[in-house]
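In my numbering, the protein residues as written are 9 to 187.
All residues carry an ideal CB built from backbone N, CA and C; glycine is no exception.
Okay, so here's the structure we're looking at.
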């Protein structure tokens with residue numbers, strides 16, 4: 009028996025769900041946007057699996073270690089209880105040539121983990137061109153948020169997002185309205 013297709017929201021972390029802090033390494037510096045919980049709740053209620061996909065080259069650069077990053081993800085899970093289905097990260101440097109670093113789709117493939125991905129109804133949400141490119145490369149639609157680096161990204165002529173939104177709550181409201 010074939011499994012039904014699953015809708016996924018692949019969501020960038022820094023600048024999308026939380027304040028952009030260059031190389032966030034301390035739980036004390038974590039600031040979840042006030043509208044993040046509402047956006048994730050709406051996705052959950054609409055039947056999406058919400059998966060954080062985040063490049064964390066600070067690990068590869070030796071700025072912080074995996075334990076520090078995991079403590080931030082644990083704090084996010086505590087604050088946003090039951091709203092994030094999984095965290096996937098790439099610890100590699102941009103020039104490492106790995107398959108997991110966005111805009112490559114390794115983290116998305118890990119997140120799907122044998123499930124049937126409903127590409128027509130799944131989204132990549134983020135604040136950078138590489139997030140939009142990740143969505144394109146995965147064959148899903150993309151939403152750019154103007155938080156983090158998104159305001160500058162939205163002005164770039166190469167930005168081909170399906171939705172350009174003020175923040176993650178605005179993006180989710182709009183992508184759900186397109187159903």
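For the options 34, 16, 19 and 39, the alpha carbon positioned closest to that of residue 27 is the one of 39.
It is roughly 28 Å from the alpha-carbon of residue 153 to the alpha-carbon of residue 73. For the pair residue 151 and residue 136, the Cα-to-Cα distance works out to about 10 Å. Between the alpha carbons of residue 54 and residue 129 lies a gap of roughly 11 Å. The beta carbon of residue 13 is closer than 6 Å to those of 124 and 126 in its chain, skipping five residues each way along the sequence. In the structure shown, the three-state DSSP call for residue 127 is helix.
Remark: C-beta atoms of residue 58 and residue 19 approach each other more closely than 8 Å.
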